[in-house]
Amino acid sequence: MATSTPTPSPLLRAILDSGAPSGSHDYTTIVLLHGWGWHSGVFKRLIPFAEQYNTRLLLVNRRDYPGSEPYTPEEKAHLARIASAPEGNPKTKEEAKAVMRDRGRELYDFLVDYVQREDVPPANGNEGGIIVVGWSLGSVWISALLAIVSQIPEGSVQLSKYVRRTILYDTTFICHGYPPPPDSYEPLYDESSTEQERLRWVTGYYTHGDVWADGDKALEYRNPLQDPPPTITRMTPEDLVETMSAYPTQQSDGSDPLISQVGIRHGAWLAMKDESLYLQKPRVEGASDWAHVEVVLLCCDLSFWEPQWGTKVLLEELDAAAKAGKSVRNVKVVRLREANHFAHWDVPEKTLKAFLTDGTEVV
Numbered sequence: 001m002a003t004s005t006p007t008p009s010p011l012l013r014a015i016l017d018s019g020a021p022s023g024s025h026d027y028t029t030i031v032l033l034h035g036w037g038w039h040s041g042v043f044k045r046l047i048p049f050a051e052q053y054n055t056r057l058l059l060v061n062r063r064d065y066p067g068s069e070p071y072t073p074e075e076k077a078h079l080a081r082i083a084s085a086p087e088g089n090p091k092t093k094e095e096a097k098a099v100m101r102d103r104g105r106e107l108y109d110f111l112v113d114y115v116q117r118e119d120v121p122p123a124n125g126n127e128g129g130i131i132v133v134g135w136s137l138g139s140v141w142i143s144a145l146l147a148i149v150s151q152i153p154e155g156s157v158q159l160s161k162y163v164r165r166t167i168l169y170d171t172t173f174i175c176h177g178y179p180p181p182p183d184s185y186e187p188l189y190d191e192s193s194t195e196q197e198r199l200r201w202v203t204g205y206y207t208h209g210d211v212w213a214d215g216d217k218a219l220e221y222r223n224p225l226q227d228p229p230p231t232i233t234r235m236t237p238e239d240l241v242e243t244m245s246a247y248p249t250q251q252s253d254g255s256d257p258l259i260s261q262v263g264i265r266h267g268a269w270l271a272m273k274d275e276s277l278y279l280q281k282p283r284v285e286g287a288s289d290w291a292h293v294e295v296v297l298l299c300c301d302l303s304f305w306e307p308q309w310g311t312k313v314l315l316e317e318l319d320a321a322a323k324a325g326k327s328v329r330n331v332k333v334v335r336l337r338e339a340n341h342f343a344h345w346d347v348p349e350k351t352l353k354a355f356l357t358d359g360t361e362v363v
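Taking UniProt numbering, the leading residue of the sequence shown gets 1, the next gets one more, and so forth.
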């Protein structure tokens with residue numbers, strides 16, 4: 001169970017902070033966490049629009065990425081042991097869930113520290129407060145955060161008075177613990193694909209059919225549009241240096257592959273999905289279930305197939321759960337039209353609007 005005492009110094013750190021808008025006392029803080037291989041420098045094109053939309057942007061790097069605390073050798077060994085353990089062992093499954101709860105606690109501690117240090121406006125309807133965004137793999141950290149809040153007694157900082165929205169930004173089915181469709185394609189598992197081909201694939205624009213009517217048969221797995229071209233084709237070498245970090249993903253002991261194995265092989269990501277989206281009564285005195293906090297599934301409609309499928313299967317599950325009388329969080333979908341997985345790079349102002357909107361689409 002999570003404890004009530006935060007770490008003395010947060011293990012996650014903001015590498016860029018737009019600062020509070022001049023003269024504003026009701027600005028909204030948007031905390032952004034990155035995905036696999038791309039650190040939060042990839043969100044830097046949002047910064048010029050922050051003041052215009054009365055927001056303060058904190059671009060936060062996960063551990064092992066530049067500026068944040070590396071995992072210790074002992075932590076790496078612990079991750080490796082769990083990742084490589086045989087599947088199906090109940091003890092290993094509990095250890096895997098504990099790994100992800102620790103990641104949620106790191107994010108919780110970052111938010112507490114931020115509120116303690118800064119004069120942060122509390123949430124007041126659609127103004128002030130904090131919106132926490134996890135892009136792609138980073139969405140798992142959002143799920144882990146929501147999964148643990150009912151286990152943490154609030155101290156002098158009551159985060160429940162500040163956090164008003166969480167966003168799972170173009171998250172994939174993998175991050176919810178779902179299996180892939182039977183005939184899907186994933187170049188990360190295709191040994192014949194090159195690094196450049198993989199980058200073009202994930203940064204491409206795709207036209208999909210009606211996934212709600214036709215299921216996985218409507219998905220375009222392989223072939224991005226020629227126009228617009230993949231985002232990677234418009235990024236300079238300098239852009240890549242300022243936005244990518246190879247170590248956590250490409251080294252044999254890289255933390256992202258280890259955490260992914262922990263999450264996928266041992267069901268920890270599936271467990272975080274369940275614990276985050278199905279409301280739990282506070283398990284300790286003084287904790288909050290954050291029942292008022294909105295969960296937004298921000299889906300980019302020209303993104304690669306994985307977020308499209310993830311949104312469909314998650315909404316179907318939650319709809320069935322609600323009809324069965326289960327207590328489900330307030331979850332809504334926002335469609336970011338004509339946008340791909342790198343909307344924050346290609347259409348930053350439009351993406352910032354999507355983080356803030358009370359509607360269901362941004363065109």
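C-beta atoms are modelled at their ideal positions from N, C-alpha and C, and glycine is treated no differently.
So, with DSSP's three-state summary, where would you put residue i?
i           : result
T3          : Any reading at T3 must be qualified, since the residue scores a pLDDT of 35, below 50, and its modelled position is unreliable; the value itself is stated next. Coil at T3, not helix or strand.
residue 388 : Nothing in the structure corresponds to residue 388, since the chain is present only between 1 and 363.
residue 370 : Look at the range of the chain in this structure, 1 to 363, and you will see that residue 370 is not part of it.
W38         : strand
R105        : helix
E69         : coil
V157        : coil
M100        : helix
R222        : coil
L12         : coil
D17         : strand
V202        : helix
A343        : helix
E361        : strand
V284        : coil
P229        : coil
A322        : helix
P86         : coil
What residues are listed by DSSP as bridge partners for residue i?
i    : result
I167 : V133, V296
L32  : L59, V133
V334 : L298
N124 : E127
M235 : DSSP output for M235 lists no bridge partner at all.
V328 : Y278
M244 : W38
Residue i and residue j look like a contact to me (Cβ under 8 Å); what is the Cβ gap, rounded to whole Å?
i    : j    : result
N340 : S303 : 5 Å
M100 : M235 : Contact flag wrong, Cβ pair sits at about 31 Å.
P224 : Y206 : 6 Å
V60  : R103 : Going by Cβ atoms, the distance from V60 to R103 rounds to 12 Å, so no, they are not a contact pair.
V331 : E361 : Going by Cβ atoms, the distance from V331 to E361 rounds to 16 Å, so no, they are not a contact pair.
Alpha carbon to alpha carbon, how far is residue i from residue j?
i           : j    : result
T203        : T233 : 9 Å
T3          : E285 : Its pLDDT being 35, under 50, T3 is placed unreliably by the model, and the measurement read from it follows with that caveat. Each residue's Cα considered, the two are about 12 Å apart.
A98         : I131 : 25 Å
P121        : T28  : 7 Å
M1          : S150 : Low per-residue confidence applies at M1: pLDDT is 35, beneath 50, and the placement is therefore not dependable, though the value from the model is reported in the following sentence. Between M1 and S150, the C-alpha separation is close to 10 Å.
W201        : D210 : 21 Å
R329        : E275 : 10 Å
Q116        : V157 : 7 Å
C177        : V262 : As written in the sequence, residue 177 is Gly, which differs from the Cys given in the question. Distance between the alpha carbons of G177 and V262 is about 11 Å.
T7          : F110 : Confidence at T7 is low in this model, with a pLDDT of 46, below 50, so its placement is unreliable and the value that follows should be read with caution. So the alpha carbons of these two residues sit roughly 9 Å apart.
T311        : S24  : 35 Å
P307        : D301 : 9 Å
V295        : H78  : 31 Å
D17         : C175 : 27 Å
V31         : A85  : 34 Å
G134        : L297 : 10 Å
W290        : S160 : 6 Å
P10         : E106 : 7 Å
I15         : D214 : 43 Å
T243        : G37  : 9 Å
R62         : H34  : 7 Å
S192        : P153 : 50 Å
Y247        : L318 : 36 Å
T5          : V163 : With a pLDDT of 41 at T5, under the threshold of 50, the modelled position of that residue is not reliable, and the figure given next carries that caveat. The straight-line gap from Cα to Cα measures roughly 19 Å.
residue 386 : Y189 : No answer is possible for residue 386: it lies beyond the span of the chain, which begins at 1 and ends at 363.
Y71         : P179 : 29 Å
P282        : V363 : 39 Å
E349        : L46  : 7 Å
### Message
Can you confirm whether the segment 52-59 touches the segment 143-152 when touching is taken to mean that 3 or more C-beta pairs between the two stretches lie within less than 8 Å?
### Response
Verdict: no, contact absent.
### Cβ pair count under 8 Å reaching 3, the segment 66-75 against the segment 162-171
No, they do not touch.
### Query
Is the number of C-beta pairs between the segment 125-140 and the segment 83-96 that are closer than 8 Å three or more?
The segment 125-140 vs the segment 83-96: no contact.
### Query
Are three or more beta carbon pairs between the segment 314-323 and the segment 184-195 nearer than 8 Å?
Touching, no, given that fewer than three Cβ pairs across the two stretches are closer than 8 Å.
### Message
Counting beta carbon pairs with one atom in the segment 211-220 and one in the segment 237-253, are three or more of them shorter than 8 Å?
### Response
With a cut-off of 8 Å, the segment 211-220 and the segment 237-253 do not count as touching, because too few Cβ pairs lie within range.
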